[in-house]
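Reviewing the structure listed below.
In this note's numbering, the protein residues as written are 7 to 109.
Given below as structure tokens:
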């Protein structure tokens with residue numbers, strides 16, 4: 007048992023795994039070209055510059071959104087935008103790391 011779990015705080019990987027088990031939607035916020043070079047199977051590609059315009063569509067899904075990109079930076083930007091629109095989301099970091107966690 008880790009120190010964080012003693013205080014009821016979950017690690018990021020635990021939060022991600024739980025969200026995925028509960029049917030979270032993975033949104034890759036990289037450009038279409040980057041996405042086509044490799045991505046998580048079943049993920050949606052919504053570039054960060056389009057995320058606000060698509061926020062209402064994501065909100066209708068009523069699922070936790072896990073955001074990913076190349077390193078986590080753009081996912082962080084998208085997270086801020088979605089949270090301002092009342093959407094629960096998690097910055098999943100890089101798509102490669104998230105893909106590894108999923109398998």
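The beta-carbon is built from N, C-alpha and C at its ideal position, and this holds for glycine as well.
Given that a residue counts as buried once 16 or more other Cβ atoms are within 10 Å of its Cβ, and exposed if not, what is residue i?
i: residue 28; result: exposed
i: residue 16; result: exposed
i: residue 85; result: buried
i: residue 48; result: exposed
Can you list, in chain order, the residues of its chain whose CB lies under 8 Å from that of residue i, leaving out five sequence neighbours each side?
i: residue 65; result: 91, 92 and 93
Out of the options, point me to the one whose CA is closest to residue i's CA.
i: residue 78; options: 88, 61, 100 and 41; result: 100
i: residue 26; options: 81, 58 and 46; result: 46
i: residue 102; options: 56, 85 and 73; result: 73
Bridge partners for residue i per DSSP, in chain order?
i: residue 73; result: 33 and 97
Going by DSSP, what residue range makes up the alpha helix (DSSP H) through residue i?
i: residue 53; result: Here residue 53 belongs to no alpha helix (DSSP H), and DSSP marks it neither H nor E.
i: residue 80; result: 79-90
i: residue 40; result: 38-42
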